[in-house]
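Please read the structure below before turning to the comments.
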Amino acid sequence: MDNTKTIAVVSLAKIVRKDVFCLEDNRALFDKLEGMGVELLGFFDKKMSALLKWDSHYHHPVIAVNNRDSEKKQIFSLAHEIGHLFIDYGWLPEPYKNPDDFNNLDGVLNVTHYRRVKSHQNGRDSKREVLMDDFARNFLMPYEEVKQLLVDNGFNVETTIDQLVERYYVTELTARRQLGFVRNRGD
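Note that the sequence shown covers residues 24 to 210 in the numbering used here.
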C-alpha cells in the first residue's frame with residue numbers, strides 16, 4: 024500500500040475509533056454498533072467469516088459474523104466490515120447520517136471469505152480486503168498506541184505482543200501483524 028493510503032487508513036481508523044465510536048474496550052464493539060443502529064447477526068459456516076448487507080427497508084447496515092469463530096476473531100471481523108462501511112460506502116451512524124443518502128443500497132454489500140478458503144478474488148478485490156484488514160487492525164489497536172507500547176517495552180517484540188493481546192483483546196496473529204505493520208513503517 025502506498026504511503027498516502029497508509030496514512031489515510033491509519034488516520035481514519037483512529038478517528039472512527041476515538042471520535043465516532045468512543046471505543047476504549049474492544050469487547051464493547053458489539054454494543055456500540057447496535058447503539059449506532061447496526062443490526063448484528065450470527066451464523067454458522069465453514070467458509071465465511073462475515074457478511075455485510077444493507078437493509079433498505081429499515082435503512083441500516085447488517086453485519087453477520089460467524090459464531091464458529093472466537094470472540095476475538097468476531098471483533099476483528101466486525102472492525103473489517105466497519106472499514107467497508109466507512110471506506111467503500113461512506114456510511115455514518117446516527118445522528119450524522121441522512122437515510123436518503125443510502126436509498127440506492129440494497130442486499131449483500133460484502134462477503135468476507137478470507138482465512139477460510141483459498142480466495143477466488145481478483146487482484147482489486149484482494150487489495151481491497153488487505154486495505155480493510157489494515158483498517159481493522161488500526162481501528163482495534165491504534166498505530167500510535169502500538170508504537171508507544173513498543174518503545175515503552177524497550178523494543179521487546181514478544182512482550183509487546185503479549186500486552187497487545189491483553190490490552191486490546193485481539194488474537195496473537197492480529198497483534199503480530201499490527202506490530203509488524205508499525206515496525207515496517209518505521210516513522
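The beta-carbon is built from N, C-alpha and C at its ideal position, and this holds for glycine as well.
Under 8 Å, do Lys76 and Val85 count as touching if we go by C-beta distance?
-> Taking the sequence shown and counting its residues from 1, the one referred to as residue 76 is at position 53. Taking the sequence shown and counting its residues from 1, the one referred to as residue 85 is at position 62. Yes, they are a contact pair.
Own chain partners of Glu189 with C-beta closer than 6 Å, once the 5 adjacent residues on each side are dropped = Stepping through the sequence shown from its first residue, residue 189 is reached at position 166. Correct list: empty, nothing qualifies.
Can you give me the start and stop residues for the beta strand (DSSP E) that Glu5 sits inside?
-> No information on residue 5 is available, as it lies outside the stretch 24 to 210 that the chain covers here.
Beta-carbon proximity list for Leu196, same chain, < 8 Å, skipping 5 on both sides = Within the sequence shown, residue 196 is the residue found at index 173, counting from 1. Within the same chain, Leu196 has no close Cβ partners at all.
Can a CB atom of chain C be found closer than 8 Å to the CB of Phe178?
-> Checking the listed chains, one finds no chain C in this structure; it contains a single protein chain.
How about the stretch 44-53 and the stretch 65-84: do they share at least three Cβ pairs that are nearer than 8 Å?
-> A contact between stretches requires three or more CB pairs, one per stretch, nearer than 8 Å, and the stretch 44-53 fails this requirement with the stretch 65-84.
At what residues does the beta strand (DSSP E) containing Asp175 begin and finish?
-> Taking the first residue of the sequence shown as position 1, residue 175 is located at position 152. Looking at the DSSP string, Asp175 is not in any beta strand (DSSP E); the run it does join, the alpha helix (DSSP H), is Tyr166 to Asp175.
What does a CB cutoff of less than 7 Å around Gly57 pick up in its chain, not counting 5 residues either side in sequence?
-> For the purposes of this step, residue 57 is identified with residue 34 of the sequence shown, where counting begins at 1. It should be noted that the sequence gives Glu, not Gly, for residue 57. Counting only Cβ-Cβ distances below 7 Å, and skipping sequence neighbours, we find Leu63.
Is it true that the CB of Ala73 sits closer than 8 Å to the CB of Asn90?
-> Here residue 90 refers to the residue found at position 67 of the sequence shown. Here residue 73 refers to the residue found at position 50 of the sequence shown. No, they are not a contact pair.
Given Val169, which residues of its chain have a CB within under 7 Å of its CB, disregarding the five upstream and five downstream residues?
-> Translated into positions along the sequence shown, residue 169 becomes position 146. The residues Leu187, Gln201, Leu202 and Val205, in chain order, have a CB closer than 7 Å to that of Val169 in the same chain once the five nearest residues on each side in sequence are set aside.
Report the option in Lys37, Asp92 and Val33 whose CA atom is closest to the CA atom of Phe67.
-> As a working note, residue 67 is residue 44 in the sequence shown. Minimum Cα distance to Phe67 is reached at Asp92.
Tell me, please, which residues DSSP counts as bridged to Asn89.
-> Stepping through the sequence shown from its first residue, residue 89 is reached at position 66. Bridge partners of Asn89: Phe66.
Can you name the start and end residues of the alpha helix (DSSP H) that Leu74 belongs to?
-> For the purposes of this step, residue 74 is taken as residue 51 along the sequence shown, with counting starting at 1. From DSSP, Leu74 is part of no alpha helix (DSSP H) but of the beta strand (DSSP E) over Ala73 to Asp78.
Hey, Leu154 and Val43: beta-carbon distance below 8 Å or not?
-> Counting from 1 along the sequence shown, the entry for residue 154 is found at position 131. Counting from 1 along the sequence shown, the entry for residue 43 is found at position 20. Val43 is positioned such that its CB atom lies no closer than 8 Å to that of Leu154.
Assigned exposure category for Met55 - 16 Cβ within 10 Å defines buried = Mapped onto the sequence shown, residue 55 falls at position 32. Correcting the residue type first, residue 55 is Lys in the shown sequence and not Met. Buried is the call here.
Three-way DSSP call (helix, strand, coil) for His83 in this model = The residue given as residue 83 occupies position 60 in the sequence shown. DSSP places His83 in strand when its eight states are reduced to three.
Within this structure, are the beta carbons of Phe158 and Arg40 separated by less than 8 Å?
-> Along the sequence shown, one-based indexing puts residue 158 at 135. Along the sequence shown, one-based indexing puts residue 40 at 17. No. Outside cutoff.
Close beta carbons around Asn179, own chain, < 7 Å, minus the five adjacent residues each side = Here the question's residue 179 lines up with position 156 in the sequence shown. Excluding residues within five positions, none has a Cβ falling inside 7 Å.
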